[in-house]
Amino acid sequence: MITSDSPVSEMPHVRESILAWLTIERLAWIVIGVAAAAIRLAGLGARVFDPAEAQQAVAALGAAGLPAAGTSPL
798 MITSDSPVSE
808 MPHVRESILA
818 WLTIERLAWI
828 VIGVAAAAIR
838 LAGLGARVFD
848 PAEAQQAVAA
858 LGAAGLPAAG
868 TSPL
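Mapped onto the numbering used here, the consecutive letters of the sequence shown carry residue numbers 798 to 871.
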């Protein structure tokens with residue numbers, strides 16, 4: 798049973814505040830971000846590094862100064 802002091806009765810106020818926050822620009826950025834993430838995740842296994850790209854990635858990792866992992870397959 799829903800009474801007048803229950804949190805459900807405050808839902809229209811919450812919905813109005815969300816709609817006031819959600820502008821067309823923010824909605825567009827959310828759509829762009831979700832689309833970019835979906836495209837990136839879908840294409841993760843599509844192509845592997847060629848030897849030149851792998852060499853560049855290893856050099857960039859070394860230049861970053863990150864601590865080495867426990868074991869390396871290289």
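Glycine included, C-beta positions come from ideal geometry on N, C-alpha and C.
Source: prediction; values computed, not measured.
Whole-number beta carbon distance between residue j and residue i, since they are thought to touch under 8 Å
i    : j    : result
A854 : F846 : 7 Å
Run of the alpha helix (DSSP H) containing residue i, from where it starts to where it stops
i    : result
R837 : 821-839
G842 : No alpha helix (DSSP H) holds G842; DSSP gives it neither H nor E.
P864 : It is not in any alpha helix (DSSP H) - P864 carries neither H nor E in the DSSP assignment.
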